[in-house]
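**Q** Pasting in a structure now, in structure tokens, and then I'll have a few things to ask.
Residue numbers (UniProt numbering): 1 to 132.
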């Protein structure tokens with residue numbers, strides 16, 4: 001592909017010649033590690049497992065780990081969404097029951113687990129918003 005680039009100071013027009021085709025120009029997505037993943041117990045185990053499975057040069061191994069993490073996080077997000085819904089339903093059910101010591105303990109545990117999930121979500125969105 002040949003294109004004429006803009007010029008401002010010269011009377012010459014620079015040319016841009018791309019010999020690799022257009023598929024290399026547009027990368028729609030690239031891997032980014034999310035800091036919220038570090039709050040997950042299974043993340044470290046998954047990275048270790050993916051690292052042990054990969055072979056070759058460092059860039060090839062990193063690509064293998066990142067591809068594996070993409071698959072892991074998609075499954076993990078689905079499971080987390082189901083888990084949050086289950087915690088919310090459990091909390092609603094427990095709040096409708098007469099308060100006894102064991103019920104209050106379960107309510108506290110459900111609230112703590114739900115708050116931890118909300119904290120992870122908040123950390124994710126803080127990183128996305130690039131807040132300082």
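Beta carbons are placed, not taken as given, at the ideal position from N, Cα and C, and that holds for glycine.
1. Pull up the distance between the alpha-carbon of residue 30 and that of residue 71, whole angstroms please.
2. Does the beta-carbon distance from residue 46 to residue 69 come in below 8 Å?
3. Taking CB distances under 8 Å as the criterion, tell me whether residue 32 reaches chain C.
4. Go to residue 54, then tell me how far its beta strand (DSSP E) extends in each direction, as first and last residue.
5. What span of residues does the beta strand (DSSP E) with residue 16 cover, start to end?
6. I'd like to know if the segment 86-96 and the segment 105-122 are in contact, where contact means that at least 3 CB-CB pairs between them fall below 8 Å.
7. Do you know how far the Cα of residue 36 is from the Cα of residue 121?
8. For residue 51, which residues of its own chain have a beta-carbon under 8 Å away from its beta-carbon, when the five flanking residues on both sides are left out?
**A** Quick look at the numbers:
1. Each residue's Cα considered, the two are about 14 Å apart.
2. yes
3. The structure shown contains no chain C; it holds only a single protein chain.
4. Here residue 54 belongs to no beta strand (DSSP E), and DSSP marks it neither H nor E.
5. 15-17
6. yes
7. Looking at the two C-alpha atoms, the distance is approximately 8 Å.
8. Hits under 8 Å: 61 and 65.
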